[in-house]
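In mature numbering (1 follows the signal peptide of the UniProt record, and there is no 0), the protein residues as written are -19 to -1, 1 to 773.
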């Protein structure tokens, strides 16, 4: 890991190592003579540039002697330029006066550069419609939010920014497993569904993530398969055309040391060939002994503007993780939740770690056919390899003693995905048509070996959580037989999932009355062939319609209604045998969206009712790690959601949300025991409240200093497993308070956040009837993170 930090420091230093001869300085002012900040300054035909500070000043150093054209630009404003001559050893001063006043410029800044609010989704969501006018609940977690909250991976608390999103059962930082609207939602990256099994994908490191888009309910417009409850789409960083960079260092409680580098620039003088390079490395321990998670990632991206209508982008991402045994996060006791110390672990030191290598390649080609038509083609290849084990008890005695066991968990996932879609605008009389059509093709293969298990303790020498001894286990550490390659072991043990699918989608958004009334009519046809866990291949096909209506009451307010259906292949091994059918479901939704204060902040309120059929759930009558499932039959989720995000006043940014979620079983498949109609579906909280506020002082001696605060409150939490009729098995209410301080000046930012300020014993988990024991995973006690970031 030291080599990684050395490499990052070297890359930063190398950017400043080129000596030049001249300097350009200047000031940018508004039409009424006031300084204009955040304005981009560049040199035509060069990658050199700068951004004006709060006084409107800028400096571009190390420029060779010669004649140049200086360009000044800002989003939404016309570019200005001036010709200058740079003389060796001298400084050239340039003054630019914008045609806008300071107030007009501030309006542009607020509308185009809002820190916590986004008005548009990424092109990977396929929609060209603004979020305000889209007949669906879409929430975007921006890069500024991720930075302020010091989020470093997908599992690191970012769900506080979206109403109703929870993680009630999870395995450390292995995968996110986000639950929303009563179900686990699907994981997407750059518009592709990247889920090949229940266990994945590996949580993305935030170093290469630009923002995350949450789409609630089915979303046929994504082309790829989605869950009736929704999805999240991770959008990775791309070249911007600006020459800039950022280097950051983070340290914190429990041995956290992290470094990250972001380089953005041009590889050609004409600006057609651009690059983006992100790299990060971290060492991270835990409040539980012997637990750690060390990771590094690198993500180079290159884009090439082939001509004024065609652009090609290629990006490669590699993540490597070395972490302690992934099953050791949970503890077990027959006496109830939180009956063992918060820092308790059953894992002995010396257990072999789990190693993961996750690679992906995305290729994207965009061509503007005309001013009204654009076609996009993209392919993705993802390869995930895991070698390790999972710790889980064989038995829990009535007095609490445990017989610990470790099972092999080697896994490999390989996905080849492709999409092509076209966006267009057509006018027929007084009706505006916004067209979307496309095809989605994919092949996913998952191999896993769970066939070997090794008990750490003898029957006469069980592990006692009340008097733990962390010596070498009586039965020794496991030595698994890996003579055969993983694919052969997976086939032999029935640990395979193979899925191939094709989807075709067509949508027309019809705009009436100057596009104030928008009617969406769409449909998707899906064909899928799948075999799982040694079963015979089975194919299915389905047509899912989509109807949406959005009405603009004024420029800032829209009402919407939506009916959408979903068809989602799933994998599993049925306890009673037989083939697994895909999930079908529908969503009915009403909502209102509104922009406030000239678009500085917005709110979304929605009510919904989702019905899901054929969903698999863990068999409550089978043992732990059995891998056996039953068909639930039908479940219904319904609720109300509220989201607020944006800049309330200058310097004050806020995200706040509330969700009421009611999810219950409405039909039980004949022959399934242990689940009843009307029973609460596990894995969610009925009431979810979140808030995060950040305030930055704008003037005076404390200018640039700021304070942040946030909380999460969960009420009526359902256990993460089927709890039958014993309400004591459900989880207690949850409250977590966080806060922090920060300071920004010019290119520097110092951030200090403290988490779990009240030092509460927080946890998630459930009741395992097969073991007659409660199991839970505790969160860290009061802890902190300190970050220093430098932009150049």
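Ideal placement from N, C-alpha and C gives every residue a C-beta, glycine not left out.
Keep in mind the model is a prediction, meaning the values are calculated, not measured.
Burial state of residue i (16 or more Cβ within 10 Å)
{"i": "residue 182", "result": "buried"}
{"i": "residue 508", "result": "exposed"}
{"i": "residue 192", "result": "buried"}
{"i": "residue 72", "result": "exposed"}
{"i": "residue 613", "result": "buried"}
{"i": "residue 563", "result": "buried"}
{"i": "residue 131", "result": "buried"}
{"i": "residue 463", "result": "exposed"}
{"i": "residue 754", "result": "buried"}
{"i": "residue 766", "result": "buried"}
{"i": "residue 757", "result": "buried"}
{"i": "residue 441", "result": "exposed"}
{"i": "residue 170", "result": "buried"}
{"i": "residue 324", "result": "exposed"}
{"i": "residue 777", "result": "No statement about residue 777 is possible, as the shown extent of the chain runs from -19 to 773 and does not include it."}
{"i": "residue 336", "result": "exposed"}
{"i": "residue 498", "result": "exposed"}
{"i": "residue 446", "result": "buried"}
{"i": "residue 261", "result": "buried"}
{"i": "residue 290", "result": "exposed"}
Spatial distance of residue i from residue j (CA atoms)
{"i": "residue 484", "j": "residue 511", "result": "15 angstroms"}
{"i": "residue 518", "j": "residue 477", "result": "12 angstroms"}
{"i": "residue 20", "j": "residue 7", "result": "12 angstroms"}
{"i": "residue 438", "j": "residue 299", "result": "38 angstroms"}
{"i": "residue 163", "j": "residue 577", "result": "30 angstroms"}
{"i": "residue 392", "j": "residue 443", "result": "30 angstroms"}
{"i": "residue 113", "j": "residue 24", "result": "37 angstroms"}
{"i": "residue 136", "j": "residue 157", "result": "5 angstroms"}
{"i": "residue 460", "j": "residue 367", "result": "17 angstroms"}
{"i": "residue 199", "j": "residue 209", "result": "4 angstroms"}
{"i": "residue 30", "j": "residue 501", "result": "44 angstroms"}
{"i": "residue 322", "j": "residue 155", "result": "24 angstroms"}
{"i": "residue 292", "j": "residue 175", "result": "24 angstroms"}
{"i": "residue 412", "j": "residue 749", "result": "58 angstroms"}
Bounding residues of the alpha helix (DSSP H) (the contiguous stretch that carries residue i)
{"i": "residue 470", "result": "467 to 474"}
{"i": "residue 128", "result": "124 to 129"}
Range of the contiguous beta strand (DSSP E) that encloses residue i
{"i": "residue 665", "result": "It is not in any beta strand (DSSP E) - residue 665 carries neither H nor E in the DSSP assignment."}
{"i": "residue 132", "result": "That residue, residue 132, is in no beta strand (DSSP E); it is neither H nor E in DSSP."}
{"i": "residue 585", "result": "582 to 594"}
{"i": "residue 78", "result": "72 to 78"}
{"i": "residue 210", "result": "First-last for residue 210: undefined, no H or E at that position."}
{"i": "residue 698", "result": "686 to 698"}
{"i": "residue 749", "result": "744 to 749"}
{"i": "residue 716", "result": "715 to 726"}
{"i": "residue 354", "result": "354 to 368"}
{"i": "residue 435", "result": "434 to 436"}
{"i": "residue 414", "result": "412 to 430"}
{"i": "residue 395", "result": "391 to 409"}
{"i": "residue 233", "result": "225 to 233"}
{"i": "residue 522", "result": "519 to 535"}
Beta-carbon proximity list for residue i, same chain, < 6 angstroms, skipping 5 on both sides
{"i": "residue 764", "result": "234, 736"}
{"i": "residue 354", "result": "405"}
{"i": "residue 275", "result": "264, 303"}
{"i": "residue 418", "result": "403, 487"}
{"i": "residue 36", "result": "16"}
{"i": "residue 42", "result": "4"}
{"i": "residue 574", "result": "113, 539, 585"}
Residues of its chain near residue i, where Cβ-Cβ distance is below 8 angstroms and the 5 sequence neighbours each way are ignored
{"i": "residue 144", "result": "120, 622, 623, 624, 638, 639, 640, 669, 671"}
{"i": "residue 330", "result": "270, 271, 451"}
Neighbourhood of residue i by C-beta, 7 angstroms cutoff - its chain only, sequence neighbours within 5 removed
{"i": "residue 316", "result": "381"}
{"i": "residue 731", "result": "723, 724, 769"}
{"i": "residue 344", "result": "295, 359, 360"}
CB-CB length for residue i against residue j, believed under 8 angstroms
{"i": "residue 592", "j": "residue 626", "result": "Contact flag wrong, Cβ pair sits at about 29 angstroms."}
{"i": "residue 401", "j": "residue 358", "result": "4 angstroms"}
{"i": "residue 567", "j": "residue 116", "result": "The pair is not a contact, with the Cβ atoms about 15 angstroms apart (cut-off 8 angstroms)."}
{"i": "residue 282", "j": "residue 257", "result": "4 angstroms"}
{"i": "residue 9", "j": "residue 33", "result": "5 angstroms"}
{"i": "residue 565", "j": "residue 522", "result": "No, residue 565 and residue 522 are not in contact; Cβ-Cβ is about 12 angstroms, not under 8 angstroms."}
{"i": "residue 643", "j": "residue 659", "result": "Not really, about 11 angstroms apart at Cβ, beyond 8 angstroms."}
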